[in-house]
Every structure is written in C-alpha cells, then in structure tokens.
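Trainee:
Numbering (the numbering used here), first residue to last: -3 to 184.
What follows is the structure, encoded as structure tokens:
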C-alpha cells in the first residue's frame, strides 16, 4: 500500500510536469514543446501501467493470504468463508442427494467446495448429483485429483487468479494468466 501511494504521488508529479513544464520552458515552440511533452508523458503512462500491475500483484497476494486463512479456519471446522454450502442445489425429488444430506450447512459439499465462480460451483454440484458409472472415466478423474493433490501452489494460484477478475468475464480469459511453469518453480 505504501508503494502504491508513492507511485500515485510520482504519477501526479509527472502529470503536472507534462502539463506545465513544456509551457513554461519552451513558450510553445512547436518541436521543443512536443518533445518535452512526450518525454514527460511516456514515463507517466509507464507509471500508470506499473501501478496497475503492482496493485494487481498486491490483490493476488491478498487473495492468497485470505485463502490460507480460510483453510486454517476450515481445519477448525469453520467453512463459512468459502463460496457456499450448496443449499441452492437441494432437490427433495432427487433419488439420493436429499436423503444423504449432500447439500446443507456442514455437508460434504461445503467441506469440499473451493469454487470461485458460479459455473464451478454448479459443476461441483453436478458431480454429486450426476455420478459417473464408466470405470475409465472414474480412473481418469482419480488420476487428475491425484495430480492436483501434488500441486498446492497451482491450486492456490488458480483460486487467487480467479478471485482477481470480474465474474462477467469468460472463464477462458481468466485462465490464460495461469501458467503451470510458475507453479513448478515454486515447488522446487
């Protein structure tokens, strides 16, 4: 936050410089005015981009810290920080999910749910209500879960990256910023 404030003041200084220094030093001589203005505006735009990136990075780390705190709370049985308990998926007419109490406060859904998007939460709910019976598909899913279980930084980064972006953006736009290479570096 201190860095962000300092960058804001620096941007203001460049903006004021870009607005007033050319006028004062060149008396509107066209070539000198344009060059001086460009020399001050380029660092101003660069500072804006740097500030946006610094703020995004700070937000990312804030989401990581928040996730880790929520996981610590979950160890103590407190799951209310996560997206939901699935009560909106309760269906009294479903042939087993209602009887097994899969969706409710303290349910298996709430225990497992780490989704950040509505689509993700709906997909997770469908995994509980629409089981697969094909052994090959079950084995593929098990292997995927085993692989993900060995990638805690990837899972955390995935969560934090999805929290950064507007929910109206397509999920593919959010995922393009997630690199597996970064997760492997942290792992070593």
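Ideal Cβ positions, reconstructed from N, Cα and C, are used throughout, including at glycine.
Can you find the residues in the same chain that come closer than 7 Å, C-beta to C-beta, to residue 110, ignoring five residues on each side of it along the sequence?
Mentor: Along the chain shown, read from residue 1 onward, the residue named residue 110 stands at position 114. 78, 155.
Trainee: Relative to the C-alpha of residue 50, which residue among 1, 136, 88, 159 is closest?
Mentor: One-based indexing of the chain shown puts residue 50 at position 54. Of the candidates 1, 136, 88, 159, the one whose C-alpha sits nearest the C-alpha of residue 50 is 1.
Trainee: With a threshold of 6 Å on Cβ separation, who are the neighbours of residue 70 within its own chain once the five nearest residues in sequence on each side are excluded?
Mentor: Stepping through the chain shown from its first residue, residue 70 is reached at position 74. Once the five neighbours on either side are set aside, residue 70 has no close Cβ partner at all.
Trainee: In three-state DSSP terms, what is residue 55?
Mentor: Locating residue 55 in the chain shown gives position 59, counting from the first residue. Three-state result, residue 55: helix.
Trainee: Got a sec, what are the start and stop residues for the alpha helix (DSSP H) residue 84 sits in?
Mentor: Taking the chain shown and counting its residues from 1, the one referred to as residue 84 is at position 88. Premise fails: residue 84 is in no alpha helix (DSSP H) and is neither H nor E.
Trainee: Would the beta-carbon of residue 215 fall within 9 Å of that of residue 99?
Mentor: The displayed coordinates of the chain run from -3 to 184. Any statement about residue 215 would go beyond what the structure contains.
Trainee: Which of the three DSSP states is assigned to residue 236 in this structure?
Mentor: Past the boundaries of the shown model lies residue 236; the chain is included only from -3 to 184, so the question cannot be answered.
Trainee: To the nearest angstrom, how far is the alpha carbon of residue 10 from that of residue 115?
Mentor: Within the chain shown, numbered from 1, the residue matching residue 10 stands at position 14. Within the chain shown, numbered from 1, the residue matching residue 115 stands at position 119. The alpha-carbon atoms of residue 10 and residue 115 are separated by roughly 44 Å.
Trainee: Hey, is the segment 127 to 135 in contact with the segment 39 to 46, meaning 3+ C-beta pairs nearer than 8 Å?
Mentor: Taking 8 Å as the limit for Cβ pairs, the verdict is that the segment 39 to 46 does not touch the segment 127 to 135.
Trainee: Taking just the CA atoms, how far does residue 158 sit from residue 52?
Mentor: Start at 1 with the first residue of the chain shown, and residue 52 comes out as number 56. Start at 1 with the first residue of the chain shown, and residue 158 comes out as number 162. Computed Cα separation, rounded: 12 Å.
Trainee: Under 9 Å, do residue 121 and residue 105 count as touching if we go by C-beta distance?
Mentor: Along the chain shown, one-based indexing puts residue 121 at 125. Along the chain shown, one-based indexing puts residue 105 at 109. Taking 9 Å as the Cβ cut-off, residue 121 and residue 105 qualify as a contacting pair.
Trainee: Going straight from the alpha carbon of residue 230 to that of residue 61, what length do you get?
Mentor: Any answer about residue 230 is impossible in this case: the structure gives the chain only from -3 up to 184.
Trainee: Taking residue 104 as part of the alpha helix (DSSP H), name the residues at either end of that continuous run.
Mentor: Residue 104 sits at position 108 when you count from the first residue of the chain shown. Residue 104 -> alpha helix (DSSP H) spans 104 to 108.
Trainee: I need the straight-line Cα distance from residue 144 to residue 151, nearest angstrom please.
Mentor: Counting from one through the chain shown, the residue named residue 144 turns up at place 148. Counting from one through the chain shown, the residue named residue 151 turns up at place 155. The straight-line gap from Cα to Cα measures roughly 7 Å.
Trainee: Taking the beta carbon of residue 124 as the centre, do at least 16 other beta carbons fall within 10 Å, making it buried, or is it exposed?
Mentor: Translated into positions along the chain shown, residue 124 becomes position 128. The residue in question, residue 124, is buried, as its Cβ has 16 or more Cβ neighbours within 10 Å.
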